[in-house]
Amino acid sequence: MSETELLTKLADLLGKQLRPALPVDIDLWDVSTIAQFLKRSDSAVRERICPLPDFPKAIRLPSQGGRGHPLWKAKEVIEWAEKYREIRTRN
Numbered sequence: 001m002s003e004t005e006l007l008t009k010l011a012d013l014l015g016k017q018l019r020p021a022l023p024v025d026i027d028l029w030d031v032s033t034i035a036q037f038l039k040r041s042d043s044a045v046r047e048r049i050c051p052l053p054d055f056p057k058a059i060r061l062p063s064q065g066g067r068g069h070p071l072w073k074a075k076e077v078i079e080w081a082e083k084y085r086e087i088r089t090r091n
């Protein structure tokens, strides 16, 4: 196999594994994705952040086992986090 053929095959395999990113307006995030965004552990997000009264409500899609894993609208999570931006005051 030539170097060009090998590179072409490798590019094809990588292309199949990479998914295009969904726009934030429609993407749904799980606990792990929220944890990465907030730079926290999965358990901290699940146990301390998600239960906060002002945190966005989860979406649970139906599954064969009953209720599915919780998902959140990415846009709502980002907006929630932005509410906590510090406002600097002049001294």
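Just so you know, we're using the UniProt record's numbering here: the sequence shown kicks off at 1 and counts up by one.
Ideal Cβ placement from N, Cα and C applies to all residues, glycine included.
Unbroken beta strand (DSSP E) run spanning residue i, endpoints
i: Gly65; result: Element bounds for Gly65: n/a, residue is neither H nor E.
Helix, strand or coil at residue i according to DSSP, with G and I counted as helix
i: Lys73; result: strand
i: Leu52; result: coil
i: Ile26; result: coil
i: Ile34; result: helix
i: Ile59; result: strand
i: Arg46; result: helix
i: Glu79; result: helix
Residue i, buried or exposed, once every other Cβ within 10 Å from all chains shown has been counted against 16
i: Ile59; result: exposed
i: Ala74; result: buried
i: residue 180; result: Outside the modelled stretch of the chain, which goes from 1 to 91, sits residue 180, for which no answer is possible.
i: Val24; result: exposed
i: Leu34; result: Reading off the sequence, residue 34 comes out as Ile, not Leu. Buried, because 16 or more other Cβ atoms sit within 10 Å of the Cβ of Ile34.
Residue span of the alpha helix (DSSP H) that contains residue i, given as start and end
i: Lys16; result: Glu3 to Gln17
Inter-residue Cα distance where the pair is residue i and residue j
i: residue 101; j: Arg19; result: Absent from the structure is residue 101, since the part of the chain shown begins at 1 and ends at 91.
i: Glu79; j: Ser63; result: 28 Å
i: Pro56; j: Leu28; result: 12 Å
i: Lys16; j: Leu22; result: 16 Å
i: Thr89; j: Gly68; result: 44 Å
**Request:** Evaluate contact between the region 6-18 and the region 42-53, counting only Cβ atoms and requiring at least three cross-stretch pairs below 8 Å.
**Result:** no
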